[in-house]
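Novice: In this note's numbering, the protein residues as written are 17 to 158. All C-beta atoms, glycine included, are put in the ideal place defined by N, C-alpha and C.
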């Protein structure tokens, strides 16, 4: 004879597992540039201007603003590149820059803001929001 009873379908996520998964998601934007961070050369760059760039010909909020940053490689080559999107750096600000010595145009501002505002941070950001939503929705109620 079969007796109908409650079936527990909940899954318990320990605090350690929760924080481990959260940390892994938060590190995803940084890991996309790990080669540059490990084997890149570090120097300082100077903000020399700002440019308004419109991608795809149309933007609801207007053109995006990028600081223009210039640095000199160890070989004496002067490189100029766009910094993180919509960051306000005063003209003449000195920023830490990391670049690939073999391909100096592969460079970025070395800051937390540059990692987490990069377009490659969108997917980890969405993943983080979903992880938090599922965890909070399905965690064991006390």
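What are the start and end residues of the alpha helix (DSSP H) that includes residue 129?
Specialist: Unbroken alpha helix (DSSP H) run through residue 129: 128-132.
Novice: At what residue ranges does the segment 24-64 contain a whole run of the alpha helix (DSSP H), taking only runs of 4 or more?
Specialist: DSSP runs (the alpha helix (DSSP H)) wholly in the segment 24-64: 31-47, 50-55.
Novice: Using 7 Å as the threshold, is the C-beta distance between residue 69 and residue 105 below it?
Specialist: Not in contact: residue 69 and residue 105 (Cβ atoms no closer than 7 Å).
Novice: Run the CB neighbour count on residue 40, radius 10 Å, all protein chains shown included, and call it buried at 16 or more, exposed below.
Specialist: Exposed: under 16 other Cβ atoms inside 10 Å.
Novice: Tell me which residues share the same chain as residue 160 and place their Cβ nearer than 8 Å to its Cβ, disregarding the 5 neighbours each side in the sequence.
Specialist: Residue 160 lies beyond the range of the chain shown here (17 to 158); nothing can be said about it.
Novice: Using only alpha-carbon positions, find the residue among 146, 153, 57 that is nearest to residue 113.
Specialist: Minimum Cα distance to residue 113 is reached at 57.
Novice: Measuring CA to CA, which of 89, 103, 125, 85 is closest to residue 97?
Specialist: The residue with the shortest Cα to Cα distance from residue 97 is 85.
Novice: Look at the alpha carbon of residue 67 and the alpha carbon of residue 100, and state the distance between them as a whole number of angstroms.
Specialist: So the alpha carbons of these two residues sit roughly 12 Å apart.
Novice: For residue 135, which of helix, strand or coil comes out of DSSP?
Specialist: Residue state, collapsed to three classes: helix.
Novice: How many Å lie between residue 87 and residue 60 at the Cα?
Specialist: Rounded to whole angstroms, residue 87 to residue 60 spans 6 Å at the Cα level.
Novice: Our contact map puts residue 140 next to residue 89 with C-beta atoms below 8 Å; I'd like the distance itself, whole angstroms only.
Specialist: That belief does not hold up - the Cβ atoms of residue 140 and residue 89 are roughly 30 Å apart, past 8 Å.
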